[in-house]
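Below: one structure, written as structure tokens.
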Amino acid sequence: MTARPTISPDALEAAFARIRPLILGHGGDIEIADISPEGVVSIKLVGACKACPNMAMTYVGPIRTYLMEVDGVAEVRCEQVNASLKTLDRLARRLGSRPLIV
Amino acid sequence: MKDGMFVFDAAVHTQDFGDNQIKPGSDGRRVKLLRSQIAGFINLTGRRGPPPETETFSNPDLEWGNKMLFENSDTDMASACSVPLFSHWRAGLGPVELSDAFAKSNPKRVVLTGGVDPAYHGLDFALEEMERQVKELGAVSMKFYQYQRRGCSWRADDRDIAYPLWEKAIELGIKMVQFHKGFPLELGPVEAFKPNDIQYAAADFPELNFGIHHLGDPYVDETISIASRFDNIYLILPLWFNQYYLQPWKMLARLGEALLYVGSDRICYGSEAFIWPHMQTYIDTLANLEMPEELQERYGYPEITREMKENILGKAFARGMGIDIEAKKIELGLVA
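Protein chains in written order, with our numbering: chain A, 1214 to 1315; chain B, 17 to 352.
Laid out in structure tokens, this is it:
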């Protein structure tokens, strides 16, 4: 069994550097809530993004797409997004980003 | 407990619609109108299960109320919620004294939500009355009805008339204040019950929780949008359950919207007892509720999980009110 690569802080920071300007431009920001040993990165949206009706798209689009590109990241979670997995998967497929249900 | 889920009913009323409530000097029109509105509402939306043993929504017998809540249904706790609508009523629509009597009839299970009106009685009296209700009667929350009659209404974000109430609430250890929003009881204008005034209040008093009843219907979109922006706003559902039987699809869509944008940890079950006294109908409905695939697909609403049901049935309201649900379970002998 191949061990999961460790998440490099620099690579993670580079991903955030691509995501953050998009979020800041809308009066919000993004924080890391947790990184699990299994490579699940949990993020938290703050500012205007915290209660934005389009939060699910922000999560599935730029946030999850860029973070999933980082070596060692197995999944990206955001507890604030309440839409069902099926809905998020549909959204991801429409956006052409990485599906949630494989 | 319903299948291991603690049930905390956020809105039980001991209202009095009797002619004795007609204020001296008043023509009694509003008392009679509301009595007839409520009876009509029950006939339209609430009739399910066996017929009522008696007219149950006015001045209910307390022993009977306890039986209906705690023996004939899985309810574990309830808030006896006063309705401080005074203008045409002798003692207020949901008199604090009746709510208090109900709370005292079962103190382990029923908490008292009092009520005052700073515009109708004056701010000084309202503050003193809040203190009396908390210190002498043991009220743990306050309910507000912000329109009494023409020229006698107030906003929750009014620094002069409302903010002293919120300061007093915090001083008294109250964790949540509650508001009737939306559909007016009797003849007042609906726009007096928009939820918009809660925004600055919630922003300026982050240590206090603000409960909005009825999803602010017909201002449901505004209510959900506002609640999504403030972590200290709770949505209290009474009427949702009653109306569900009439309009299941519409009510599921409303719940879906609230679940999507606010989250189940700030959505609270309330039965509006004793309008329809068979609370188990509501509890069973919620416990077995599923979000239809079509609503998930077309509107992005989440599936309704057990965790969400646990939140809605009791956890959310307990948290908002500052009540330790685990300690309560032990006190009530619900867990070993």
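Backbone N, C-alpha and C define an ideal beta-carbon position, used for all residues, glycine too.
A straight line joining the alpha-carbon of residue 1285 of chain A with that of residue 21 of chain B spans about 38 angstroms. Cβ-Cβ separation between residue 256 of chain B and residue 231 of chain B: approximately 7 angstroms, consistent with a contact (criterion under 8 angstroms).
Residue B/85 holds the alpha-carbon nearest to the alpha-carbon of residue 296 of chain B among B/320, B/85, B/43.
Taking a beta-carbon distance threshold of 8 angstroms, residue 238 of chain B does not count as an interface residue toward chain A. If the five residues before and after residue 338 of chain B are omitted, its C-beta is found closer than 7 angstroms to the C-beta atoms of 191, all from its own chain and listed in chain order. Spanning the alpha carbons of residue 252 of chain B and residue 1233 of chain A requires a straight line of approximately 36 angstroms. Assignment of alpha helix (DSSP H) within the segment 174-221 of chain B, counting only whole runs of 4 or more residues, yields 179-187, 214-220 in chain order. Taking a C-beta distance under 8 angstroms as the contact criterion, residue 111 of chain B and residue 98 of chain B qualify as a contact pair. Taking a cut-off of 8 angstroms for Cβ pairs, the segment 236-243 of chain B and the segment 208-227 of chain B touch, as three or more such pairs fall below it.
Of B/167, B/340, B/188, B/104, the smallest CA-CA separation from residue 157 of chain B is found for B/188. Looking at the backbone, the Cα of residue 1310 of chain A and that of residue 1227 of chain A are separated by about 19 angstroms. Neighbourhood of residue 245 of chain B in chain A, by CB distance below 8 angstroms: 1263, 1264, in chain order. Between the beta-carbon of residue 1294 of chain A and that of residue 1264 of chain A there is about 12 angstroms, and that puts the pair past the 8 angstroms contact cut.
Residue burial annotation: residue 304 of chain B is exposed, with fewer than 16 other C-beta atoms found within 10 angstroms of its C-beta.
Residue 93 of chain B sits in a strand when the DSSP states are folded into three classes. As computed with DSSP, residue 18 of chain B is found in a beta bridge with B/21. DSSP places residue 324 of chain B in the uninterrupted alpha helix (DSSP H) bounded by 322-326.
Chain B has a Cβ within less than 8 angstroms of the Cβ of residue 1300 of chain A. Excluding sequence positions up to five before and after residue 44 of chain B, its CB lies within less than 6 angstroms of the CB of 38, all in the same chain and listed in chain order. When the alpha-carbon of residue 92 of chain B is set against those of B/56, B/17, B/153, the nearest one is in B/17. Counting only runs of 3+ residues, the beta strand (DSSP E) found wholly inside the segment 233-320 of chain B occupies 249-252, in chain order. Among the residues of the segment 1229-1260 of chain A, none has a Cβ less than 8 angstroms away from any Cβ of chain B.
DSSP, reduced to helix, strand and coil, places residue 137 of chain B within a helical segment of the structure shown. For residue 1296 of chain A, the chain B residues whose Cβ falls inside 8 angstroms of its Cβ are 276, 316, 317, 318, in order along the chain. Here DSSP, grouped into helix, strand and coil, assigns residue 121 of chain B to helix.
A distance below 8 angstroms between beta-carbons, with the five flanking residues on each side excluded, links residue 234 of chain B to the following residues of its chain, in chain order: 198, 199, 206. Annotation: residue 261 of chain B to residue 1217 of chain A spans about 51 angstroms, alpha carbon to alpha carbon. Within its own chain, the residues whose Cβ lies closer than 8 angstroms to the Cβ of residue 1301 of chain A, once the five positions on either side in sequence are excluded, are 1269, 1272, 1273, 1294, 1313, listed in chain order. In this structure, residue 1259 of chain A sits near residue 1241 of chain A, with a CB-CB distance shorter than 8 angstroms. Shown here for residue 1235 of chain A: same chain residues with a beta carbon closer than 7 angstroms to its own, the five before and five after excluded, namely 1275 in chain order. The beta-bridge partner set that DSSP reports for residue 165 of chain B consists of B/168.
The beta carbon of residue 341 of chain B lies closer than 7 angstroms to those of 22, 330, 331, 334 in the same chain, with the five residues before and after it left out. Closer than 8 angstroms to the CB of residue 215 of chain B there is not a single CB belonging to chain A. Taking a 10 Å sphere around the C-beta of residue 273 of chain B, we find 16 or more other C-beta atoms and assign the residue as buried.
Within the segment 1265-1279 of chain A, 1266, 1269 place their CB atoms closer than 8 angstroms to a CB of chain B, listed in sequence order. Distance from the Cα of residue 149 of chain B is smallest, within the candidate group B/129, B/78, B/243, B/351, for B/129.
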